[in-house]
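To start, the structure itself, in structure tokens.
Residue numbers (this note's numbering): 33 to 200.
Below, the structure written as structure tokens:
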């Protein structure tokens, strides 16, 4: 139900928070189900299924970002590897699907106290996203999508992402 009206993601997040106090295991189940659904839907999209719209994936990305990163909870790498998806997307030709999804997930970092630069995981995903969108085969829509994310996060990709690398 979360995916049907994209504008209601925050409403469903507040319902999930309220229900979590009464049913303690609910949050974990919701997160696992959402991450697994994203993997399945992205897999169907890569396989060339035509029934799946890009708006459904971006809404799912917004939902995942709001129930994980926005409340300082990590995304389990074994269930959804954002950086790996970006690397794989270039080879499989699914950048137009994966980049908007990853951007929406990463927008959850705006509300987070933990998932901001210089967090190494955030830096790695943003660096990979920047590399994919700055490549010659990326279209203008993807570049714009990434630029909006960087502006929303107040990140200058040429300056801030290189400074994080120097800290290592």
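Think of the CB as a built atom: it goes at the ideal place given N, C-alpha and C, for glycine as much as any other residue. Everything numeric in this text was worked out from a predicted model, so none of it was measured.
CA nearest to the CA of residue i, picked from the options
{"i": "residue 152", "options": "97, 192, 130", "result": "192"}
{"i": "residue 144", "options": "167, 117, 107", "result": "107"}
{"i": "residue 110", "options": "187, 55, 171, 71", "result": "71"}
{"i": "residue 164", "options": "119, 194, 51, 180", "result": "119"}
{"i": "residue 155", "options": "182, 168, 167, 166", "result": "182"}
{"i": "residue 135", "options": "122, 149, 157, 116", "result": "157"}
{"i": "residue 174", "options": "100, 50, 194, 125", "result": "125"}
{"i": "residue 171", "options": "53, 122, 92, 50", "result": "122"}
{"i": "residue 114", "options": "159, 51, 176", "result": "159"}
{"i": "residue 25", "options": "117, 112, 53, 166", "result": "Because the chain is modelled from 33 through 200, residue 25 falls outside the range shown and cannot be assessed."}
Residue i: first and last residue of the uninterrupted alpha helix (DSSP H) it sits in
{"i": "residue 118", "result": "114 to 124"}
{"i": "residue 170", "result": "First-last for residue 170: undefined, no H or E at that position."}
{"i": "residue 87", "result": "86 to 99"}
{"i": "residue 129", "result": "127 to 138"}
Supposed contact pair residue j and residue i - C-beta distance, whole angstroms, cut 8 angstroms
{"i": "residue 89", "j": "residue 74", "result": "7 angstroms"}
{"i": "residue 185", "j": "residue 142", "result": "6 angstroms"}
{"i": "residue 274", "j": "residue 178", "result": "Limits of the chain in this structure are 33 at one end and 200 at the other, which puts residue 274 out of reach."}
heavy atom of the ligand ZN below 7 angstroms from residue i C-beta
{"i": "residue 103", "result": "The ligand ZN is absent from the structure shown, which contains no ligands of any kind."}
Touching by the beta-carbon criterion (3+ pairs, under 8 angstroms), the region 116 to 130 and the region 91 to 108: Because the criterion of three Cβ pairs below 8 angstroms is not met, the region 116 to 130 and the region 91 to 108 do not touch.
Contact between the region 90 to 98 and the region 57 to 69 (3+ Cβ pairs under 8 angstroms): Taking 8 angstroms as the limit for Cβ pairs, the verdict is that the region 57 to 69 does touch the region 90 to 98.
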